[in-house]
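Just below is one structure, and these are the notes that go with it.
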Amino acid sequence: MSSKIVVVGSCMIDFVSYASRLPTAGETIHGDKFVTNFGGKGANQCVAAAKLGADTTLVARVGNDIWGEKYIDNLDSAGVNTEFVLITPNSSSGIAQINVAESGENQIVIVAGANKQLSVSDIEDAKKSISSAEVLIMQLETPPETAIRAMELCTGISILNGAPALSTYDPKLLTLPTIFCINETEASIFTGLPVNNTGDAEKAAIDLVTKGCKSVLITLGEQGAVYHSGDCGCKVLKIESPKVKSLDTTGAGDAFIGALAYFIGAKKVSMEKAIRAACFVAADSVTKLGTQMSFPGPEILKKIDL
Ligand code: ATP
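Right, dumping it as structure tokens:
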């Protein structure tokens, strides 16, 4: 069974250099290894859902450079509909330059490039797909007004991943989505409360519902997730993630959201079952290296009890 999932968001390419240590300002050093990874929260979440078997469409912008073309090829091979992935004249693709030291310390420079050019008019051009989506997913790596317009057009379930968190924002970002989904750090920025454990996350979820969110989902790494359905007097649901041997947690949050959309849209299961299944998929992704490469395919569905 397929589901219609539309993602509005970012495409970034990570250039990762590994060296014994980080260079100081003005210094040039030799590194040991270099890799490029396809990333960006929008594309990651879309690929996570597509790899499970969902019918996905991405609304995004890449630059008119070699990386833009490569990114579209990557999405095509993951089975994502790229009709609305636009090549942007006079703009580079979104790039993250990452230096990683042996100690695990890193330095990152992000250039949003074409992602900044995603516009409300691009959203209007994709109106038919967005308004007929069963599940719509957005994040905040592209201009927030595009997420707001997409949510206004949505007639299905909308998931806004409030990442990266904003300290000032249009309150519609909280009130429009069906599900406002964030991690602990973002929950702390959006509420001003400390969020370090499930108890704190419960308080933050209640605070966000008071601020107008329809429902709130907070992910807590290996501690799983906390969900508030927004109903009056509702008990906050705490869902544990399976215990796994973690190798690389990059993109775990994106695997979680893409899988959540798949289970809500394609499998039409209850929110509790969808969150439990999304935790299972995200936990599996942390046992492998990389971002999109680590997201599991449909074989994982046999291991999930829906
Ligand atoms: P990232 O920014 O690395 O993509 P995030 O901070 O947005 O991640 P997390 O809360 O770290 O998201 O993780 C999302 C989900 O992934 C968790 O709710 C959990 O289900 C799963 N997960 C992450 N880390 C682990 C782990 N070490 N063990 C088991 N599950 C994990």
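When the letters of the sequence shown are read in order and numbered with the numbering used here, they come out as residues -7 to 298. C-beta atoms are modelled at their ideal positions from N, C-alpha and C, and glycine is treated no differently.
> In three-state DSSP terms, what is A125?
Replying inline: Here A125 sits in coil by DSSP.
>> Please determine whether the Cβ atom of L212 lies at a distance below 7 Å from any heavy atom of ligand 1.
In response: Inclusion of L212 in the 7 Å shell around ligand 1 follows from its C-beta lying nearer than that to a non-hydrogen atom of the ligand.
>> So the candidates are V228, T16, G213 and E126; which of them puts its Cα closest to the Cα of L200?
In response: Of V228, T16, G213 and E126, the residue nearest in Cα terms is V228.
> Relative to the C-alpha of T134, which residue among K119, V127 and D114 is closest?
Replying inline: Its Cα nearest to that of T134, the residue D114 stands out among K119, V127 and D114.
> Roughly how many angstroms lie between the CA atoms of A155 and G23, to the nearest whole one?
Replying inline: The alpha-carbon atoms of A155 and G23 are separated by roughly 31 Å.
> Within 10 angstroms of its Cβ, does C271 collect 16 or more other Cβ (buried), or is it exposed?
Replying inline: Answer is buried; the Cβ neighbour count reaches 16.
> To the nearest whole angstrom, what separates the beta carbons of S286 and D223, a pair I think is in contact under 8 Å?
Replying inline: With 8 Å as the limit, S286 and D223 do not qualify as a contact, their Cβ atoms being about 35 Å apart.
>> Does K260 pass the burial test, meaning 16 or more other C-beta atoms within 10 Å, or should it be called exposed?
In response: When all chains shown are included, K260 counts as exposed.
> For R13, which three-state DSSP category applies?
Replying inline: In the three-state reduction of the DSSP assignment, R13 falls in the coil class, being assigned neither a helical nor a strand state.
> Is it the case that the CB of S207 approaches a heavy atom of ligand 1 more closely than 7 Å?
Replying inline: No, since every heavy atom of ligand 1 falls outside the 7 Å radius drawn around the Cβ of S207.
> Using the C-alpha atoms, what's the distance from I149 back to I171?
Replying inline: Distance between the alpha carbons of I171 and I149: 8 Å.
>> Suppose contacts are defined by Cβ-Cβ distances below 8 Å. Is I327 in contact with T28 by that definition?
In response: Only positions -7 to 298 of the chain appear in the structure, and residue 327 is not among them; the question remains open.
> Buried or exposed: which applies to A17, given that a residue is buried once 16 or more other Cβ atoms fall within 10 Å of its Cβ?
Replying inline: That one is exposed.
>> I need the DSSP call for C271, collapsed to helix, strand or coil.
In response: Here C271 sits in helix by DSSP.
> Looking at the structure shown, is E75 part of a helix, part of a strand, or coil, going by DSSP?
Replying inline: Three-state DSSP puts E75 in a strand.
>> If you follow the alpha helix (DSSP H) that V39 is in, where does it begin and where does it stop?
In response: V39 -> alpha helix (DSSP H) spans K33 to L44.
>> At the level of alpha carbons, what is the spacing between A266 and T20?
In response: The alpha-carbon of A266 is positioned some 48 Å away from that of T20.
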